[in-house]
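Heads up: the sequence shown is residues 1 to 542, going by UniProt numbering.
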Amino acid sequence: MALSGLPTSRVGLVNASIPLTRLSLGWWLSLGLLAVGWLLVLNQQRLEWTVNPTYAYGWAVPLLAGYLFYERWRSRPRTHSRGERRAWLIVPALLLLAYLPVRVVQEANPDWVKVNWIMAGLMIGMSLSAVFSLSGWRAMLYCAFPILFMMTALPWPVWIEDTLTKSLMHLNASAAAEVLTLAGYPALTKGNMILIGSSWVNVEEACSGIRSLQTAFMVSLFFGEFHRLGWLARGALMLGSFAIAFLLNFGRTVTLTFLGGVGGNELSEKWHDTVGNVVMGLCLLALWLLAEAFQRWRRRPVAVGALPPVPPAHAPFPAWFALAGVLWFAVAEASTLGWYRYHERGAEPPVAWNVDWPKNSPSYREDTLGERSQALLKYNEGTIASWRTENGYRWQMYYLRWLPGRVSKFLAGGHYPTVCLPASGLRLVSETGTFTCQVGALAIPFRTYLFDDNGRDVYVFHAILEDNADSYEQRIVYRQANSTERLNSVLRGERNLGQRVIGVAITGPLDAAEAQQTLQATLQDIVVTSPTSDALASLPHP
Numbered sequence: 001m002a003l004s005g006l007p008t009s010r011v012g013l014v015n016a017s018i019p020l021t022r023l024s025l026g027w028w029l030s031l032g033l034l035a036v037g038w039l040l041v042l043n044q045q046r047l048e049w050t051v052n053p054t055y056a057y058g059w060a061v062p063l064l065a066g067y068l069f070y071e072r073w074r075s076r077p078r079t080h081s082r083g084e085r086r087a088w089l090i091v092p093a094l095l096l097l098a099y100l101p102v103r104v105v106q107e108a109n110p111d112w113v114k115v116n117w118i119m120a121g122l123m124i125g126m127s128l129s130a131v132f133s134l135s136g137w138r139a140m141l142y143c144a145f146p147i148l149f150m151m152t153a154l155p156w157p158v159w160i161e162d163t164l165t166k167s168l169m170h171l172n173a174s175a176a177a178e179v180l181t182l183a184g185y186p187a188l189t190k191g192n193m194i195l196i197g198s199s200w201v202n203v204e205e206a207c208s209g210i211r212s213l214q215t216a217f218m219v220s221l222f223f224g225e226f227h228r229l230g231w232l233a234r235g236a237l238m239l240g241s242f243a244i245a246f247l248l249n250f251g252r253t254v255t256l257t258f259l260g261g262v263g264g265n266e267l268s269e270k271w272h273d274t275v276g277n278v279v280m281g282l283c284l285l286a287l288w289l290l291a292e293a294f295q296r297w298r299r300r301p302v303a304v305g306a307l308p309p310v311p312p313a314h315a316p317f318p319a320w321f322a323l324a325g326v327l328w329f330a331v332a333e334a335s336t337l338g339w340y341r342y343h344e345r346g347a348e349p350p351v352a353w354n355v356d357w358p359k360n361s362p363s364y365r366e367d368t369l370g371e372r373s374q375a376l377l378k379y380n381e382g383t384i385a386s387w388r389t390e391n392g393y394r395w396q397m398y399y400l401r402w403l404p405g406r407v408s409k410f411l412a413g414g415h416y417p418t419v420c421l422p423a424s425g426l427r428l429v430s431e432t433g434t435f436t437c438q439v440g441a442l443a444i445p446f447r448t449y450l451f452d453d454n455g456r457d458v459y460v461f462h463a464i465l466e467d468n469a470d471s472y473e474q475r476i477v478y479r480q481a482n483s484t485e486r487l488n489s490v491l492r493g494e495r496n497l498g499q500r501v502i503g504v505a506i507t508g509p510l511d512a513a514e515a516q517q518t519l520q521a522t523l524q525d526i527v528v529t530s531p532t533s534d535a536l537a538s539l540p541h542p
C-alpha cells in the first residue's frame, strides 16, 4: 500500500509525527531556539522584501520551505538518532557562538549580501543539526533541500545581479527596438532608453526581466522538489525558467514601448503594472506546465508500503542547551547594540536641513526615480525634479535621504553619476574635482563632473552628507566599499546614523565657474537649514 497523498517513489520510508500535546519541555525549547534564530535572520530581510519588488516573493519562501520540509519529514528514512551522544552538540554550539560576531558586522552592514548569507547559513546549520539529532545522517541529507531552499529568499550576490541586470536591459532595449522597427514603428536606442515616436521609454521601467528571473528561479526549485524530480529534470526546469522569464519580459518591453509610441508615456505608465502582473502570471503558469510535463515523463518506481509510525522521539536539543541558545541570542543583540552605542557617545548633533522645492515655478516638473533605482538604493525619501533657473539654465536635481540604520553607510557611495548617467546616454568628459557649497551652517561637499549630451555641456554636482560624519574625507567616498573597509567600520563602531544625497545637473552655463555660481545661488534659495539642536531627532536613542 502506497503512502497516502505522496509520490510512489518514496520507498522504505516512515510516516512519523509527534502530537503537540505530547511534546516535552525540551521539545518546546528546541522549537523556540530554532524559531527565534530564524526570525532574527528573516527580520533582517524584511526591508529587502518590502522595498525591492525583485525580492517581494521572499515573504512566501518560509511558508513554501515549511511545506516542503513537512513532506520530507513525514516520510524520512528510519535511522538511529544521535540524541544520546552529546558530543555532536559541539557543532550547534559553535554555530551559536559565531552568531555574535556576525551580528555585530551585520548591524553596520545590513545590506551586505555576504553577511546575510552567512547569517542564514548559521541557522541552516542549526536546523540540519536538529534533524541529525533526531534521525541521523540519512534523514539529515534527505531533509536538506527544503532547509537550503530558504536561501532563495535572500538577495543574490551583487556582482551576479548587476551583471544580469545590465545585460538584460541592454539586450531588451536593442531587441525591442529592432522588432518594433521591423513591425513598422521606427525605434532607436540610447543607453537603456528607447525612442519611439516622440516618447522615450526607459527599459528599466519596462522591466529588464530580472524580477521575473529570480522569482522563476525560486519557483522552478519549488516545483522540482514538489514533484521529487531527478537532478537532470530539475536542472532542465531551472534553465527553462530563465528562458521563460526572459522571453515573457521581452514581450513586456515590446508591449510597453509600443504603447508609449502610440499613446505617449501616460498610456505606457497606465498599463505598466497590468502588463507586469500578466507577465508574472504567465511565467508561473508556464513553469507549472513545464514541471507537470517533467513529472509525467519521469520514471515511476514500484511503490512500497509504509513502515509503522515511529514513537515520539527525544527533543532535538537538550532543554538546557536550547534555553542557553535563546539567552545567547538575547546577549548577542544586547552586545551589538552596546558596541555601537559606546562608540557613538558624545557625537555632535548634525545640522538640520531640508529642501524647499520651487513648486511655484512655471517650469517645475517633479518625477520619481526608476523602480530599479528604488530597489537598489532603499532610501526613505526621494525626489527628482527639473526646472529653469532665473538665468534660463536647465536645472535637474535629485534628493535622497536614508534614516538611521536603514542600510549600511556605504550604500549611498556605491551609486554615483559616472555609473548612472552613461546608462541614460550621456558621455563623461572629465571629473573636474570638488566644490564646497556653503549654505548657512551647512557645508555641502560636491564632487563635480562634466558630461556631454549630444554636443551640449552638462555640469554635474554630486554630494553625500552623513548626519554624523567624523571628517570631510569620510563624507565623499564614491565607490563600492570592499570587505576590508566594511570590517574596519565595524571595528571603529561606525554604522549608518542617517545619510542624504544631493545631485544636480545644469545645462547651459558657458564654463564650470558659471555653473558653480548658479549652483550656489540656487541652493541658497531652496536648501533650508535649522538650528543644530533640532537635528537630534535624526539620531538613534536608547
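All residues carry an ideal CB built from backbone N, CA and C; glycine is no exception.
Keep in mind it's a predicted model, so treat the numbers as computed, not measured.
What is the residue span of the alpha helix (DSSP H) that Ser268 lies within? Your numbering for residue 268 matches position 268 in the sequence shown. 231–297 is the span of the alpha helix (DSSP H), which, as asked, contains Ser268.
First and last residue of the beta strand (DSSP E) that includes Met193? Walking along the sequence shown from the start, residue 193 turns up at place 193. It spans 193–196 - the beta strand (DSSP E) in which Met193 sits, taken as one unbroken run.
Would the beta-carbon of Ala443 be found less than 7 Å away from any heavy atom of the ligand SAH? Absence of the ligand SAH is noted for the structure shown, with no ligands found whatsoever.
For Cys437, three-class secondary structure by DSSP: For the purposes of this step, residue 437 is taken as residue 437 along the sequence shown, with counting starting at 1. Residue state, collapsed to three classes: strand.
Any 3 or more C-beta pairs closer than 8 Å across the stretch 209–226 and the stretch 270–283: yes
If you follow the beta strand (DSSP E) that Leu188 is part of, which residue opens it and which one closes it? Position 188 of the sequence shown, counted from the first residue, corresponds to residue 188. That run of the beta strand (DSSP E) goes 187–190.
In terms of residue numbering, what span does the beta strand (DSSP E) encompassing Thr529 cover? As a position in the sequence shown, residue 529 is number 529, starting the count at 1. 527–530 is the extent of the beta strand (DSSP E) around Thr529.
For Thr522, name the three-state secondary structure that DSSP assigns. Within the sequence shown, the letter at position 522 stands for residue 522. Here Thr522 sits in helix by DSSP.
Identify the residues that DSSP records as bridge partners of Arg365: which are they? Here the question's residue 365 lines up with position 365 in the sequence shown. Per DSSP, Ser386.
Mapping DSSP to helix, strand and coil, what is Arg492? Position 492 of the sequence shown, counted from the start, is the residue given in the question as residue 492. Secondary structure of Arg492 (DSSP, three-state): coil.
Please determine, among Trp387, Thr432, Ala441, Trp112, the residue with the shortest C-alpha to C-alpha distance to Thr507. As a position in the sequence shown, residue 507 is number 507, starting the count at 1. Ranking the options by Cα distance to Thr507, first place goes to Trp387.
Alpha carbon to alpha carbon, how far is Met169 from Val113? Taking the sequence shown and counting its residues from 1, the one referred to as residue 169 is at position 169. Taking the sequence shown and counting its residues from 1, the one referred to as residue 113 is at position 113. In a straight line, the C-alpha of Met169 is about 23 Å away from that of Val113.
Could you pull out every residue in the same chain whose Cβ sits closer than 6 Å to the Cβ of Leu29, ignoring the five residues on either side in sequence? One-based indexing of the sequence shown puts residue 29 at position 29. These residues qualify, in order along the chain: Ala319, Ala322, Leu323.
Here's the rule I'm using: 16 or more other beta-carbon atoms within 10 Å means buried, otherwise exposed. How should Thr274 be labelled? Taking the sequence shown and counting its residues from 1, the one referred to as residue 274 is at position 274. Looking at its Cβ environment, which holds fewer than 16 other Cβ atoms inside 10 Å, Thr274 is exposed.
For Ile506, list the residues DSSP reports as bridge partners. For the purposes of this step, residue 506 is taken as residue 506 along the sequence shown, with counting starting at 1. Trp395, Tyr459.
Separation of Leu465 from Ile196, as counted between CA atoms: Translated into positions along the sequence shown, residue 196 becomes position 196. Translated into positions along the sequence shown, residue 465 becomes position 465. If I take the Cα positions, the gap works out to 39 Å.
Please state whether DSSP places Arg86 in a helix, a strand or coil. Along the sequence shown, one-based indexing puts residue 86 at 86. Correct three-state label for Arg86: helix.
Beta strand (DSSP E) containing Thr448: first to last residue? The residue given as residue 448 occupies position 448 in the sequence shown. Per DSSP, Thr448 belongs to the beta strand (DSSP E) from 442–453.
Cβ of Met123 within 8 Å of Cβ of Gly26? The count along the sequence shown starts at 1 and reaches residue 123 at position 123. The count along the sequence shown starts at 1 and reaches residue 26 at position 26. Not in contact: Met123 and Gly26 (Cβ atoms no closer than 8 Å).
Pull up the DSSP beta-bridge partners for Ser127, would you. The residue labelled residue 127 in the question sits at position 127 within the sequence shown. None; Ser127 has no bridge partner.
Close beta carbons around Trp271, own chain, < 8 Å, minus the five adjacent residues each side: Translated into the one-based positions of the sequence shown, residue 271 becomes position 271. Here the set comprises Thr255, Leu256, Leu259.
Report back the beta-carbon spacing between Trp357 and Leu96 to the nearest angstrom; my notes put them in contact at under 8 Å. As a working mapping, residue 357 is identified with position 357 in the sequence shown. As a working mapping, residue 96 is identified with position 96 in the sequence shown. 50 Å between Cβ atoms; not a contact.
Coil, strand or helix - Ile476 by DSSP: Here residue 476 is taken as the residue at index 476 of the sequence shown, counted from 1. Caution is warranted here: a pLDDT of 43 is assigned to Ile476, below 50, making its placement in the model unreliable, and no coordinate value can be reported.
Sort Ile526, Val458, Tyr449 by Cα distance to Tyr393 and report the nearest one. What you label residue 393 is simply residue 393 of the sequence shown in a count that begins at 1. When only C-alpha atoms are compared, the closest one is Val458.
Going by DSSP, what residues sit across from Val501 in a beta bridge? Here residue 501 refers to the residue found at position 501 when the sequence shown is read from its first residue. According to DSSP, Val501 bridges with Leu400, Ile464.
Which class does Leu428 belong to by DSSP, given the choice of helix, strand or coil? Along the sequence shown, read from residue 1 onward, the residue named residue 428 stands at position 428. In this structure, Leu428 counts as strand in the three-state DSSP scheme.
At what residues does the beta strand (DSSP E) containing Val201 begin and finish? Indexing the sequence shown from 1 puts residue 201 at position 201. Start and end: 199–202.
What is the rounded straight-line gap between the Cα of Phe132 and the Cα of Pro316? Counted from its first residue, the sequence shown places residue 132 at position 132. Counted from its first residue, the sequence shown places residue 316 at position 316. When rounded, the distance between both Cα atoms is 8 Å.
Tell me the rounded alpha-carbon separation between Pro110 and Tyr342. One-based indexing of the sequence shown puts residue 110 at position 110. One-based indexing of the sequence shown puts residue 342 at position 342. Looking at the two C-alpha atoms, the distance is approximately 19 Å.
Under 7 Å Cβ to Cβ from Ala245, same chain only, skipping five residues before and after it: list those, please. Along the sequence shown, read from residue 1 onward, the residue named residue 245 stands at position 245. Within the same chain, Ala245 has close Cβ partners Gly209, Ser212, Leu213, Ala216, Cys283.
Looking at C-beta atoms only, is the number of pairs between the stretch 224–234 and the stretch 287–294 that lie closer than 8 Å three or more? Yes: the two stretches touch, three or more of their Cβ pairs being nearer than 8 Å.
For Pro77, three-class secondary structure by DSSP: Position 77 of the sequence shown, counted from the start, is the residue given in the question as residue 77. DSSP places Pro77 in strand when its eight states are reduced to three.
Compute the beta-carbon to beta-carbon distance between Val51 and Leu487, rounded to the nearest angstrom, for a pair I have assumed lies under 8 Å. Position 51 of the sequence shown, counting from 1, holds the residue named residue 51. Position 487 of the sequence shown, counting from 1, holds the residue named residue 487. That belief does not hold up - the Cβ atoms of Val51 and Leu487 are roughly 26 Å apart, past 8 Å.
By how many angstroms is the C-alpha of Glu485 removed from the C-alpha of Leu237? For this step, residue 237 is matched to residue 237 along the sequence shown. For this step, residue 485 is matched to residue 485 along the sequence shown. Their backbone Cα atoms lie some 40 Å apart in a straight line.
Which residues does DSSP list as the beta-bridge partners of Ala322? Numbered from 1 along the sequence shown, position 322 holds the residue referred to as residue 322. DSSP, once it has assigned bridges, lists no residue as partnering Ala322.
Tell me, to the nearest whole angstrom, how far the beta carbon of Tyr398 is from that of Ile384; I am working on the premise that it is less than 8 Å. Taking the sequence shown and counting its residues from 1, one reaches residue 398 at position 398. Taking the sequence shown and counting its residues from 1, one reaches residue 384 at position 384. Contact between Tyr398 and Ile384 holds, since their C-beta atoms are separated by about 4 Å, short of 8 Å.
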